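Residues 5 to 40, numbered by our numbering, are exactly what the sequence shown covers, in order.
Below is one structure; the comments refer to it alone.
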Amino acid sequence: MLHRHSPITQSDAVSGSVSWALRATALGLTAGMLRL
């Protein structure tokens, strides 16, 4: 495991934001494909 200096809560918030961004991007790409 990687040693993190930042609190676990901060890492969880960052990973959560990243996963949400990836989810939104995937939904956007799917919507774009359906429109074509």
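We treat Cβ as the ideally placed atom computed from N, Cα and C, and that holds for glycine.
Keep in mind the model is a prediction, meaning the values are calculated, not measured.
Inset, instruction - Could you check the C-alpha separation between R27 and R39 for me, to the nearest Å? - result: For the purposes of this step, residue 27 is taken as residue 23 along the sequence shown, with counting starting at 1. For the purposes of this step, residue 39 is taken as residue 35 along the sequence shown, with counting starting at 1. If you take the alpha carbons of R27 and R39, they lie about 18 angstroms apart.
Inset, instruction - Express the C-alpha separation of S23 and T34 in angstroms, rounding to a whole number. - result: Here residue 34 refers to the residue found at position 30 of the sequence shown. Here residue 23 refers to the residue found at position 19 of the sequence shown. Within the model, the alpha-carbon separation for T34 versus S23 is close to 16 angstroms.
Legend entry - CA-to-CA distance, A30 to S21, given in whole angstroms: In the sequence shown, residue 21 corresponds to position 17, counting from 1. In the sequence shown, residue 30 corresponds to position 26, counting from 1. Roughly 14 angstroms separates the two Cα atoms.
Legend entry - For L26, three-class secondary structure by DSSP: Counted from its first residue, the sequence shown places residue 26 at position 22. If DSSP states are grouped into helix, strand and coil, L26 belongs with the helices.
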